[in-house]
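These notes concern the structure reproduced below.
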Amino acid sequence: MSDVVSKLRKPLVSKDRTYTEVSDDVLSVIEKPPGNLWKICISISSSLLLMGIIVIGYQVSTGIGTWGLNKTVGWSWDITNFVFWVGIGHAGTLISAILLLFRQKWRTSINRAAEAMTIIAVLCAAIYPIIHMGRPWLAYWVFPYPNTRDIWLNFRSPLLWDVFAISTYFCVSAVFWYIGLIPDLANMRDRAQTPLKKRILTIVSLGWSGSHRTWHRYEMLCLILAGLATPLVVSVHTIVSMDFATSVIPGWHATIFPPYFVAGAVFSGFAMVLTLLIILRKVMNFEHYITPSHIEAMCKVLLCTGMIVGLAYGTEFFMAWYSGNQYERFVFLNRAFGPYAWAYWIMVVCNVVIPQLFWLKKVRTNLVIVFIISIFVNIGMWFERFVIITTSLHRDFLPSSWAMFSPTWVEICTFIGTFGLFFTLFFLFVRFLPAIAISEVKTVLNYAKPKDHHE
Amino acid sequence: MSKKYLLGVFHDEHDMIRAAQELRKSDISIFDIYTPFPVHGLDQYLEIKPTRLPVVTFIAGTAGLVLALLFQYWVSVIDWPINVGGKPFNSFAAFIPVAFEIMVLFGAFITVFAFLLRSKLVPMFSGSIMHTGATQDKFVIALEVKDVSFDAQLISKTLDSFGASEVSVREV
Numbered sequence: 028m029s030d031v032v033s034k035l036r037k038p039l040v041s042k043d044r045t046y047t048e049v050s051d052d053v054l055s056v057i058e059k060p061p062g063n064l065w066k067i068c069i070s071i072s073s074s075l076l077l078m079g080i081i082v083i084g085y086q087v088s089t090g091i092g093t094w095g096l097n098k099t100v101g102w103s104w105d106i107t108n109f110v111f112w113v114g115i116g117h118a119g120t121l122i123s124a125i126l127l128l129f130r131q132k133w134r135t136s137i138n139r140a141a142e143a144m145t146i147i148a149v150l151c152a153a154i155y156p157i158i159h160m161g162r163p164w165l166a167y168w169v170f171p172y173p174n175t176r177d178i179w180l181n182f183r184s185p186l187l188w189d190v191f192a193i194s195t196y197f198c199v200s201a202v203f204w205y206i207g208l209i210p211d212l213a214n215m216r217d218r219a220q221t222p223l224k225k226r227i228l229t230i231v232s233l234g235w236s237g238s239h240r241t242w243h244r245y246e247m248l249c250l251i252l253a254g255l256a257t258p259l260v261v262s263v264h265t266i267v268s269m270d271f272a273t274s275v276i277p278g279w280h281a282t283i284f285p286p287y288f289v290a291g292a293v294f295s296g297f298a299m300v301l302t303l304l305i306i307l308r309k310v311m312n313f314e315h316y317i318t319p320s321h322i323e324a325m326c327k328v329l330l331c332t333g334m335i336v337g338l339a340y341g342t343e344f345f346m347a348w349y350s351g352n353q354y355e356r357f358v359f360l361n362r363a364f365g366p367y368a369w370a371y372w373i374m375v376v377c378n379v380v381i382p383q384l385f386w387l388k389k390v391r392t393n394l395v396i397v398f399i400i401s402i403f404v405n406i407g408m409w410f411e412r413f414v415i416i417t418t419s420l421h422r423d424f425l426p427s428s429w430a431m432f433s434p435t436w437v438e439i440c441t442f443i444g445t446f447g448l449f450f451t452l453f454f455l456f457v458r459f460l461p462a463i464a465i466s467e468v469k470t471v472l473n474y475a476k477p478k479d480h481h482e
Numbered sequence: 008m009s010k011k012y013l014l015g016v017f018h019d020e021h022d023m024i025r026a027a028q029e030l031r032k033s034d035i036s037i038f039d040i041y042t043p044f045p046v047h048g049l050d051q052y053l054e055i056k057p058t059r060l061p062v063v064t065f066i067a068g069t070a071g072l073v074l075a076l077l078f079q080y081w082v083s084v085i086d087w088p089i090n091v092g093g094k095p096f097n098s099f100a101a102f103i104p105v106a107f108e109i110m111v112l113f114g115a116f117i118t119v120f121a122f123l124l125r126s127k128l129v130p131m132f133s134g135s136i137m138h139t140g141a142t143q144d145k146f147v148i149a150l151e152v153k154d155v156s157f158d159a160q161l162i163s164k165t166l167d168s169f170g171a172s173e174v175s176v177r178e179v
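Quick note, the sequences are listed as chains A and B, same order.
So this note's numbering is basically just the index in the first sequence, starting at one, shifted up by 27.
So this note's numbering is basically just the index in the second sequence, starting at one, shifted up by 7.
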């Protein structure tokens, strides 16, 4: 490898690595038996998952009367968490698809983990509407199939659009992720020591040989999938926002919702990616692949989308005033100064005020502070959904039906349970699959080095 | 039916590219080149034509879009029309989101299947694996040993002179 390194462009992999060393760095962790840290982590997360399964069993068998909903607030905690998880599931595809189209090469070391996070988060999100159906064993009724009830679905409902959007998003993201994994699975197959491992990897790597004819098509396929996933990712949260925007509830009925939700989703997704990757790079020794400049780039995305979200908060208030509609005005004043004002101001501080620290390079390069801010953004974005959903409902048109919402222990345990599912699957992912796209990182090893200079 | 291949294994992709260039200059056709990551600029040595995958995507996506629109129209207008809040049976604008999603779903999945079929990537099949190093750090040029006109010795020498670390024959 060359010693000549550009001063203007920093290398994407901070240490000089050969191709074999890249494979070793990423794969040696998962070729060894698991360490104690991993065992402790998966024990905690799977215990939380188990608790989640038990409370889900309880609320399905008892009914969703176990939730804190009432006649006025008919949608709150469940849909908040649904939107929260779907939002988190947006960063992966953004990183893998949009940054691929924009030729942002730094994405290569983070896209695999971010995509895994996406798929897992969408799974967590899907739990909520399925429980909310009350009879989750009939969940397949949401798909249009010829049935003995002789009736079709109502294709005019945004809730049905959601079914199609989320399931398409899940399937396409999963396929995109798997296609990206194939060359790395083949690398694992060719390194496998035990016959069982080799057998399994031979099946899942589909006989990948590294043929240039295949690579040629493979690169086109990735480009096509990125091109399809980009509008898809925008459409998914647009449709999620339409669950609210197509209703007549003041505070929901707003044309700003689609772009506002998409920006919020990217914002919350990047925050979760930062939270996970800062831990991952430390625990898995990926510091040379997920470098401080990667973290910095993600901080900048967070800063930008955070301000878009802030602008949306402001625009909502402006429109409420400018519309001259008394109900609209009341809802927004109630949001900021009513009984849920504490939630509103937590949201504003976490999402708009705290990320402003990212203007400072010192903050962006201090990983501890970045980690703490990313947690604040995660919290803030959860509160954003809570504020939008609950504050718009709890003050009805009729003051006699005004009510408050507070979650029951069942709802809180379900939410913690989805975190259990999220981290259990994520820990399994980092344990059994390469968390960094090896073949893609190999293409950027010589980035910022003169092309013909070699030994 | 097994075929014989002559493999030239390189540690450095630039050496491999130069060797491929030289082979093409002497009019020897290269069967394939195996690399751990996509190496650009090899297309002309392998005489690869542009892939037709985008055409597949376009047709599949269009089919998905049209099918989804027709299906929603048939369901809502012809088979069992239901009056939902006085909305027209043919609520065309409301059919667009689902049609869009089905377009993406068809486009993505059919393109992926077309890719897998065309590249002969199927579970359990490992016949085309020439060299196990090619998924990690080796760059392998494979030449088909066809008939008597194939001068293995001369080609081996050429590969060697460009820095091949290993020249071997493999039957697949």
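For each residue, glycine too, the CB sits at the ideal point set by N, CA and C.
Just so we're clear, the structure is a prediction, and the values are computed from it rather than from any experiment.
Below-8 Å beta-carbon distance, residue i vs any chain B residue
i              : result
residue 240(A) : yes
residue 132(A) : no
residue 142(A) : no
residue 43(A)  : no
residue 198(A) : yes
residue 29(A)  : Summary for residue 29(A): the model assigns pLDDT 45, below 50, so the residue's position carries little reliability; its value from the coordinates is reported in the next sentence. Judged by the 8 Å Cβ criterion, residue 29(A) is not in contact with chain B.
residue 469(A) : yes
residue 202(A) : yes
residue 38(A)  : no
residue 221(A) : no
residue 481(A) : Low per-residue confidence applies at residue 481(A): pLDDT is 45, beneath 50, and the placement is therefore not dependable enough to give any value.
residue 230(A) : yes
residue 312(A) : no
residue 195(A) : yes
Cβ of residue i within 8 Å of any chain A Cβ
i              : result
residue 158(B) : no
residue 12(B)  : no
residue 69(B)  : no
residue 136(B) : yes
residue 53(B)  : yes
residue 171(B) : no
residue 86(B)  : yes
residue 91(B)  : yes
residue 76(B)  : no
residue 129(B) : yes
Chain-ordered chain B contacts of residue i [CB-CB under 7 Å]
i              : result
residue 217(A) : 139, 142, 143
residue 46(A)  : 43, 143, 144
residue 188(A) : 104, 105
Per-residue contacts from residue i into chain B (C-beta, under 9 Å)
i              : result
residue 343(A) : Residues of chain B passing the Cβ test: none, with the nearest at roughly 23 Å.
residue 192(A) : 104, 105, 107, 108
Contact list for residue i against chain A, beta-carbon separation under 7 Å
i             : result
residue 83(B) : 182
residue 94(B) : 183
residue 64(B) : 251
Under 9 Å from the C-beta of residue i: neighbouring residues of chain A
i              : result
residue 152(B) : In chain order: nothing, as chain A lies at least about 18 Å away.
residue 98(B)  : 182, 183
residue 50(B)  : 239, 243
Contact check, residue i vs residue j, beta carbons under 8 Å
i              : j              : result
residue 36(B)  : residue 179(B) : no
residue 219(A) : residue 233(A) : no
residue 266(A) : residue 171(A) : no
residue 95(B)  : residue 188(A) : no
residue 49(B)  : residue 239(A) : yes
residue 57(B)  : residue 246(A) : no
residue 243(A) : residue 136(B) : no
residue 173(B) : residue 12(B)  : no
residue 290(A) : residue 370(A) : no
residue 237(A) : residue 128(A) : no
residue 102(A) : residue 95(A)  : no
residue 343(A) : residue 283(A) : yes
residue 148(B) : residue 26(B)  : yes
Chain-ordered neighbours of residue i on chain B, where CB pairs are closer than 8 Å
i              : result
residue 248(A) : 60, 118, 119, 122
residue 244(A) : 58, 60, 122, 125, 126
_Short-range partners of chain A found in the segment 108 to 125 of chain B, where Cβ spacing is below 8 Å_ = 108, 109, 111, 112, 114, 115, 116, 118, 119, 122, 123, 125
*Taking any Cβ of chain A, which residues in the segment 26 to 47 of chain B have a Cβ under 8 Å from it, in chain order?*
39, 40, 41, 42, 43, 44, 45, 46
_Three or more C-beta pairs below 8 Å linking the segment 403 to 416 of chain A and the segment 45 to 59 of chain A_ = no
*Are the segment 444 to 454 of chain A and the segment 143 to 155 of chain A in contact at 8 Å, needing three or more beta carbon pairs?*
yes
_Assess contact between the segment 66 to 83 of chain A and the segment 248 to 262 of chain A, defined as three or more Cβ pairs (one per stretch) separated by less than 8 Å. Is contact present?_
no
*When you check each C-beta in the segment 412 to 442 of chain A against every C-beta of chain B, which residues fall closer than 9 Å?*
none
_Contact between the segment 206 to 224 of chain A and the segment 454 to 464 of chain A is defined here as three or more beta-carbon pairs at a separation below 8 Å; is this criterion met?_
yes
_Give me the subset of the segment 261 to 272 of chain A whose CB atoms are less than 9 Å from a CB atom of chain B, sorted by chain position._
262, 263, 265, 266, 269
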